[in-house]
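Colleague: In terms of this note's numbering, the sequence shown opens at residue 10 and continues consecutively.
The C-beta atom is built at its ideal place from N, Cα and C for all residues, glycine as well.
These numbers come from a predicted model, not from an experiment.
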Amino acid sequence: MIIDSHCHLHDPSFADLAETLRTSMTHDVWGVVAVGCDAETNARTMKAATAAPKAVWACLGFHPDWTRLTDDDLDRVEAQISAHHSRIVGVGEIGLPWYSLEGAPDAPMLMARGRERLGRLLALASRWDLPVALHAPHGAAVGALEALKRHQIERAVFHWHKAPAEVTRA
């Protein structure tokens, strides 16, 4: 039996939830932890978890590399997490920007904003005692690990893990 620990069920290619879950079962995947990336995808993730509560477990998140997201969007996601904290299994997909920084003239500002946003989301995860699903590849992983320690969060999955050995051992 396999549980997929990071799935974007909100993606249009998974529009037919029942068929997606049937197909998953043929590959011995019995359940998925579905992550969200903004208020809209979080709502779709919650809908999937409500429709299939024994096979889909929701995380609500705010993707750090989605540069179109604003602080108002973050406020909406924080409200979703607070409203649904008892029905979700974690906060995610969250993390620090990495891919969106490449070639960006304002990369230092984007990373500073990313750190502040991650801090807000980790504070919520800590408040509601929820684990986190992190997007923090390559050089972003060290900063994400430091943020986890500051917020005393010990339950985290580093999705798309590409980090130094000391991050892996932590």
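What's the C-alpha gap between A142 and G45?
Modeller: Roughly 10 Å separates the two Cα atoms.
Colleague: Whole angstroms is fine: what's the gap from P73's alpha carbon to S22's?
Modeller: For P73 and S22, the distance between alpha carbons rounds to 22 Å.
Colleague: How long is the line joining the alpha carbons of M34 and G99, rounded to whole angstroms?
Modeller: Approximately 23 Å, taken between the alpha carbons.
Colleague: Spatial neighbours of R124 within its chain, please: CB distance less than 8 Å, with the 5 preceding and 5 following residues excluded, ordered by chain position.
Modeller: If we look at R124 and ignore the five residues flanking it on each side, its Cβ neighbours are L105, G152 and A156.
Colleague: Express the C-alpha separation of T29 and T59 in angstroms, rounding to a whole number.
Modeller: Taking the straight line joining both Cα atoms gives about 15 Å.
Colleague: Under the rule that 16 or more other beta-carbon atoms within 10 Å means buried, what is G112, buried or exposed?
Modeller: Classification for G112: exposed.
Colleague: Between the alpha carbons of A149 and R126, how many angstroms are there, rounded?
Modeller: Answer to the nearest angstrom: the Cα atoms are 14 Å apart.
Colleague: Using the beta-carbon count (16 or more within 10 Å), is E87 buried or exposed?
Modeller: By the neighbour-count rule (16 or more Cβ atoms within 10 Å), E87 is buried.
Colleague: Is W107 near H168, with beta carbons less than 9 Å apart?
Modeller: No, the Cβ-Cβ distance between W107 and H168 is not below 9 Å.
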